[in-house]
Structures are given as C-alpha cells and as structure tokens.
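Note that full-length UniProt numbering numbers the sequence shown so that position 254 is 254, with each residue one more than the last. A quick write-up on the structure given underneath.
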Amino acid sequence: MLFNIKPKDNIKDLFGREKEILLLKRCVTEPLTVIYGIRRTGKTSLLKSVLNSLEIPYIIIDIRELFNESGTIRENEISLKILHELKKDIGISQKLRFLISDILSKINGIEINHLKIDIDASKKYQLNNILEVINEISEKNNDVFILAIDEAQYLKYSGKRYNNILAWAYDNLKNIHIIITGSEIGILEEFIDIDNTESPLFGRMINEIKIGHFDNETSYNFLKSGFEEAKINVNDNDINSAIDILDGIAGWLTYYGYNRAIRKLNNYDSINNVIEYSKRLIDSEINKLINNSKDRYMAIMESIAAGLNNWSAIKAYVTTKTGYISSTILNNHITKLLKYGFIKKSENKYYIEDPLIKLKFINKNR
C-alpha cells in the first residue's frame, strides 16, 4: 500500500524509484555501496524492498536503533544484533535455513537443536569472527551475503573505528557485500572519509546512490495513485495544495495520504496533522544533536528559514537574538548543522531542504 507509513518492503509499493531500484540491484554485486539522502526520502524502503526482491541472503542492522537504546554503539551489541537477525530469518526458506544454521553452528555461545536456537547474550562475540564465519559458509555455498547497515553514521559515536572493519571486510571477505545508508550525510561522509589518504577506506571503489525528493509531477502521480489504490476521490486542488507545502519529501507525502485515505481527515486537517507531527519529530531530532547552546542553534535555523542565508546575515541575526557570538563558535554550530543534514550550502548560501523543517522555523519568526 502506497500510504503505509511504515518503511516499504515490497518493490510494488515503491513509487517513482525505478532508476534507484535498477542501480541498487546492480550494486549488490559490489563490495561496498552507500545509499544517502536527507531524512524521510525513502532510503530504508528502497533497501528493504530491493533486498526482498532478490534471492540473496541478507540482514539489515539498524544502528540508530542500537544508539537510541544505550547512547553508544558497543561492538558486542552489533554482534548480538547480527546473530539475532540471522536467527529471525532462519525460517524464510529452506536454502536460507541451511545456510544460517551452518553459520550459527560455527559460533561459540550458540546452541542449535531441532526445536530452537539459543544465543548466550552474556558472551562476548567478536564481530570479525562472525563476519569471517558468514563469509566462509557463503563461499562454501557459492553464495553472496548482504550485510546492510542502516543509519551507519551512528557508528561514529562508538569510540571504535568501524571503518577499519569495513576496509578489512572489503579486502578480505569476498563473499560479503556491504550496503550502508545514512541521512546525516555530513557525518556519514566523515565516517567513511574516503578522500582522506589516512582513512582505512581510502582508494576503495564505493558505489553511491543518492535518494532525492520527488519533483512536482512525481509527487502528484504518487498521491493520485495512492488515492486510487485506496478508492477515494481527492480533487487536484487539494493534491496540489499539499504538494506546495510538503514539496517532494516522500515521507511527508505518505503521511498526508495516510491522513486522508486511512484516517479520513479533510485536506486542511490532513496537512495540519503532518505539520504538527513534523514539529514534534524535528524537535526530537534536533534535541538529540544539541547538548548546549540551544538558543543559538535555533537562531541559526530561524535566520536561514527567513532568507538571511549568508554568513554575515546569520551572525547579525544570531547576535541580535542571543547576544555576542564569536566567529569560531558560529562556524562550529553551522558546520554541525550541515553535517547532520538540517541545512545545506550552495555557492556560499545556506538553505533548508526539508520544507517542513523550514516551515517550523519560519513560524518561529512570527
């Protein structure tokens, strides 16, 4: 269903992503692929849907989920997550059952019998060892195994250099192909650090897939198709008014369609519901980023939303709103917002790509 607000897991429910689908299908044969784009553009949906369509064993690890649970990323948490995902997938097909049983049987701390699989959560599992076993069994079965790491930029907060492990797997584990996704693009690029000659991944070939937002025509066709699927009639004026506000962000358009088609709200209430939901979500995301100086970060966002988008204008606005700020501190704050994808920069001008983030801070000025 197009207006299902959970990440899609079937290609038939992916709309307007034909190019990205074909590209990802080609890339799964390569050692390392990166899928990136701003929040709510459908990276996880693309990943799940394409991998489900292929006869290739895979698991997806959501690093943000692990980070939110403990505020850090420990190697053993990743190892346990991989083992539990393998255990969860064992019943999907006979071929996968044999493959995963072989993998798990070679890892100390796991007991397998015909009724169940027991994973000793108190045991320390070495990530390298698990990956070596997966690679060994996959090679023996003439298979490729896909390890997908969703929101991989959070690995940066682990205190461990996981790009070392990625480089080691790239060079040595020929039957494991890795796909990583990230919405905080600056942090993801800093984590991969492929252009730095000191980076473990320097010199490796990495496939990149960018997920952008829909143009107006695709946004219109998406909403029209979703309403037809839901068997309700929504006039073009309503659809176009929603597109004007929500732009082409797939997540916001889906939530609007859900409000109209599933919750049966009118156009005004559907759009307003998306806006109010977005405010809570954006507040939560920004609060995770900001440990202190919240007023200054908010003032920077307000300035850019209002069109005061060069460095001097931003500094003047922030100074007026919050008092004196040094150039160094302002640069640090702007750089952080760039890295986390809340703002963008083009030709020395800053802008906010997500229309509802922009709307939130425009309204603060009123």
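For every residue, glycine included, the Cβ atom is placed at its ideal position computed from N, Cα and C. Please read these numbers as outputs of a predicted model, since none were measured by experiment.
Check for me: the beta strand (DSSP E) holding residue i runs from which residue to which?
i	result
LEU32	32-36
PHE145	145-150
HIS177	176-182
TYR351	349-351
ASP62	58-62
If we count the other Cβ atoms within 10 Å of its Cβ and call it buried at 16 or more, is residue i buried or exposed?
i	result
GLU20	buried
LEU166	buried
LEU22	exposed
ILE5	exposed
residue 367	An answer regarding residue 367 cannot be provided, because it is not within the stretch 1 to 366 covered by the chain.
ASP354	buried
THR197	exposed
ILE329	exposed
GLU217	exposed
TYR351	exposed
ARG296	buried
ILE187	buried
MET301	buried
GLY307	exposed
THR29	exposed
SER122	exposed
In angstroms, rounded to a whole number, what distance separates the CA positions of residue i and residue j?
i	j	result
LYS345	LEU338	8 Å
LEU127	GLY71	20 Å
ASP13	GLY42	11 Å
TYR340	ALA313	22 Å
ILE137	ASP102	7 Å
GLU151	ARG64	6 Å
TYR268	ARG260	10 Å
GLU132	LEU289	35 Å
SER49	ILE211	14 Å
At which residues does the alpha helix (DSSP H) containing residue i begin and terminate?
i	result
ASP283	267-289
TYR324	Where TYR324 is concerned, there is no enclosing alpha helix (DSSP H), given that its DSSP letter is neither H nor E.
SER158	No alpha helix (DSSP H) contains SER158, which DSSP labels as neither H nor E.
LYS43	43-53
GLY16	Counting along the chain, GLY16 falls outside any alpha helix (DSSP H), and DSSP gives it neither H nor E.
Candidates the options: which alpha carbon is nearest residue i's?
i	options	result
ILE194	ASN52, ASN163 and ASP354	ASN163
LEU80	ASN129, THR181, LYS349 and ILE352	ASN129
ILE56	ASN175, ALA121, ASN76 and LEU46	ASN175
THR324	LYS210, ASN272 and SER293	Looking at the sequence shown, residue 324 is not Thr but Tyr. The shortest Cα separation from TYR324 among LYS210, ASN272 and SER293 belongs to SER293.
LEU2	VAL34, TYR36 and SER45	SER45
ASN237	ALA230, ILE245 and LYS231	ILE245
GLU285	LEU265, ILE357, TYR255 and ILE300	ILE357
Using 7 Å as the cut-off, classify the Cβ of residue i as near or not near the heavy atoms of the ligand NAP, replying yes or no.
i	result
GLU190	This structure lacks the ligand NAP, and indeed carries no ligand of any kind.
Please name the residue or residues paired with residue i in a DSSP beta bridge.
i	result
residue 370	The first residue shown for the chain is 1 and the last is 366, placing residue 370 beyond what the model contains.
SER105	SER105 pairs with nothing; no bridge assigned.
ILE209	ILE35
SER346	LYS349
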